[in-house]
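Going by our numbering, the sequence shown opens with residue 13, and the numbers climb by one from there.
Here is the structure we will look at.
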Amino acid sequence: MSHTETAPTPATARRSSALSGDIRIPGDKSISHRSFMFGGLASGETRITGLLEGEDVINTGRAMQAMGASIRKDGDTWIIQGTGNGCLLAPEAPLDFGNAGTGCRLTMGLVGVYDFPSTFIGDASLSRRPMGRVLDPLRLMGVQVTSEPGDRLPVTLRGPAIPTPISYRVPMPSAQVKSAVLLAGLNTPGVTTVIEPVMTRDHTEKMLAGFGADLTVETDAAGVRTIRLEGRGRLTGQVIDVPGDPSSTAFPLVAALLVPGSDVTIRNVLMNPTRTGLILTLREMGADIEILDPRLAGGEDVADLRVRASELTGVTVPAERAPSMIDEYPVLAVAACFARGETVMTGLDELRVKESDRLAAVARGLELNGADCTEGPDWLSVRGRPDGRGLGNPSPDARVVTWLDHRIAMSFLVMGLASEHPVTVDDAAIIATSFPEFMQLMAGLGADIQQS
13 MSHTETAPTP
23 ATARRSSALS
33 GDIRIPGDKS
43 ISHRSFMFGG
53 LASGETRITG
63 LLEGEDVINT
73 GRAMQAMGAS
83 IRKDGDTWII
93 QGTGNGCLLA
103 PEAPLDFGNA
113 GTGCRLTMGL
123 VGVYDFPSTF
133 IGDASLSRRP
143 MGRVLDPLRL
153 MGVQVTSEPG
163 DRLPVTLRGP
173 AIPTPISYRV
183 PMPSAQVKSA
193 VLLAGLNTPG
203 VTTVIEPVMT
213 RDHTEKMLAG
223 FGADLTVETD
233 AAGVRTIRLE
243 GRGRLTGQVI
253 DVPGDPSSTA
263 FPLVAALLVP
273 GSDVTIRNVL
283 MNPTRTGLIL
293 TLREMGADIE
303 ILDPRLAGGE
313 DVADLRVRAS
323 ELTGVTVPAE
333 RAPSMIDEYP
343 VLAVAACFAR
353 GETVMTGLDE
363 LRVKESDRLA
373 AVARGLELNG
383 ADCTEGPDWL
393 SVRGRPDGRG
403 LGNPSPDARV
413 VTWLDHRIAM
423 SFLVMGLASE
433 HPVTVDDAAI
443 IATSFPEFMQ
453 LMAGLGADIQ
463 QS
């Protein structure tokens, strides 16, 4: 499946009766991207179950195929024959990542240091997103970069004959930047070092070690992590069962908290400590989230969650928590609309450079639907109404502008399930990039969401 620009499909969510059910969330997006990438690069066979089959991940798989990996699906299992580390082939056409920022940025690191040209393109949303944070360290390694103004797509990279290993201190909390530098180090002689002052999701380090990379991680007394990767080593194919995506879990989870009488169990959710900021925050707000059967699966923490409707109280979310829940702030803001008192979210500057300016998109959507909120340069505060009175918008012409952003679309559809009036988003088709089962899954729980 390749990405195609589709006509917008508006959707409307209305106040629903109690949600109930026992569900399994599609595979984690971050791990799914990396499974295709590392499997495509490793020697031998990689077998993947539980893969998220959204457009973003499929586009990453297509990019790896274009560079020599063999990828096929047999039943519920994806089977990859990799090229071997250092043996990617020059792509014959531009690599089209659609809406996939993670796939695009990580693949830039992976292939950018090869001594052949590779061109990266994407949809309108991805083409607006800045790539300089990844391109800057690649330039230090000797990669030639041709891009649109502001380091935006299309971008063409060509590596040097021999890339230069670097020691790079990540200037912002970004798993994508960290990962891109480490992946560039895979085909670079010597030791590539990444210094991470604030820990971000660590799937790249865990999975590279699992595939056999010579990688070490040290954390000092101040929490600064130093990651060292010995380049040009051998990666070996693995068996991977991808756990459920905590970012996708956020939507049915918050819906169950907000719709009175709800009781929903969500199975096999990734509980990596770098990804659980939303659950921690919601529990501080009074959410009834029960963690069942915590266990290890493939080196990752996994658990089942039982979620019951709860009365929430506003909190101040510390800025240092942002890296562990950066994709969940839109739906947290929706939850805050139904909490007693004020919820203050700080340290949100990273939201300005996501699929959309998520901070602005959330604030405008909340205002359109009667919420009392204030937006700052890197913060958002929301004053809630526990009964949902006055929230939503009775006008069918009042549509939240999603800006081709799947998480904005899903967050505001969740809002409509508990608000007094309906909530309409201008495009639900974009949800397929990360959570193609969203509509069907929510309907199965009893949610009233209708597409136009």
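Cβ coordinates follow ideal geometry from the N, Cα and C atoms, glycine included.
Please read all numbers here as calculations on a predicted model, not as lab measurements.
Three-way DSSP call (helix, strand, coil) for residue i in this model
i    : result
E340 : helix
V167 : strand
M451 : helix
A23  : strand
S465 : In the structure as shown, the chain starts at 13 and stops at 464, and residue 465 therefore has no counterpart that could be examined.
R320 : strand
I420 : helix
D460 : strand
M357 : strand
S260 : helix
P129 : strand
S137 : helix
T16  : In this prediction, T16 has a pLDDT of 43, which is less than 50 and means its spatial position is unreliable; what the coordinates show is noted afterwards. Coil.
R395 : strand
V123 : helix
T414 : coil
E104 : coil
A309 : strand
Beta-carbon gap between residue i and residue j smaller than 7 Å
i    : j    : result
M153 : P183 : no
S28  : V271 : yes
T386 : V356 : no
M120 : A192 : yes
V155 : L169 : yes
R352 : P398 : yes
D34  : T261 : no
F223 : F48  : no
C99  : F109 : no
A196 : V266 : no
L31  : S274 : yes
A112 : N71  : yes
L247 : N97  : yes
T158 : A441 : no
F350 : G400 : yes
Rounded straight-line distance, which links the Cα of residue j to that of residue i
i    : j    : result
K218 : R237 : 14 Å
A187 : L429 : 33 Å
M13  : R295 : Because M13 carries a pLDDT of 35, less than 50, the predicted location of this residue cannot be relied on, and no value is offered for it.
R370 : G162 : 19 Å
G404 : L64  : 31 Å
I83  : R59  : 10 Å
T414 : D439 : 7 Å
T95  : A23  : 43 Å
L269 : R36  : 17 Å
M143 : S137 : 13 Å
M337 : F263 : 13 Å
I92  : R151 : 31 Å
M211 : D409 : 43 Å
S322 : L304 : 18 Å
T16  : G235 : With a pLDDT of 43 at T16, under the threshold of 50, the modelled position of this residue cannot be trusted, and the question is left open.
F450 : I443 : 8 Å
G87  : V251 : 15 Å
Q452 : L324 : 27 Å
C-beta neighbour in chain D for residue i, strict 7 Å
i   : result
R46 : As a matter of chain content, chain D is missing from the structure shown, which is built from one protein chain.
Evaluate the contact criterion for the stretch 373-383 versus the stretch 315-335: three or more CB pairs, one atom per stretch, below 8 Å.
-> no
Three or more C-beta pairs below 8 Å linking the stretch 130-144 and the stretch 96-113 | yes
For the stretch 139-219, list the alpha helix (DSSP H) runs that are entirely contained and at least 4 residues long, ordered along the chain.
-> 144-152 and 187-198
Using 8 Å as the threshold, is the stretch 275-290 in touch with the stretch 24-43, meaning 3 or more CB pairs across them?
-> yes
Are the stretch 433-442 and the stretch 405-413 in contact at 8 Å, needing three or more beta carbon pairs?
-> Yes: at least three Cβ pairs fall under 8 Å.
Taking one C-beta from the stretch 413-428 and one from the stretch 388-395 each time, how about it: are there three or more such pairs within less than 8 Å?
-> no
Flag this pair as touching only if the stretch 64-73 and the stretch 310-323 have three or more C-beta atom pairs under 8 Å; answer yes or no.
-> no
Can we say the stretch 238-254 touches the stretch 198-210, given the rule of at least three CB pairs closer than 8 Å?
-> yes
Give, in chain order, every unbroken run of the beta strand (DSSP E) that is at least 3 residues long and sits entirely within the stretch 221-282.
-> Listed in chain order, the beta strand (DSSP E) elements of length 3 or more contained wholly in the stretch 221-282 are 227-231, 237-242, 251-253 and 275-282.
What alpha helix (DSSP H) runs, 4 residues minimum, are completely inside the stretch 57-85?
-> 67-78
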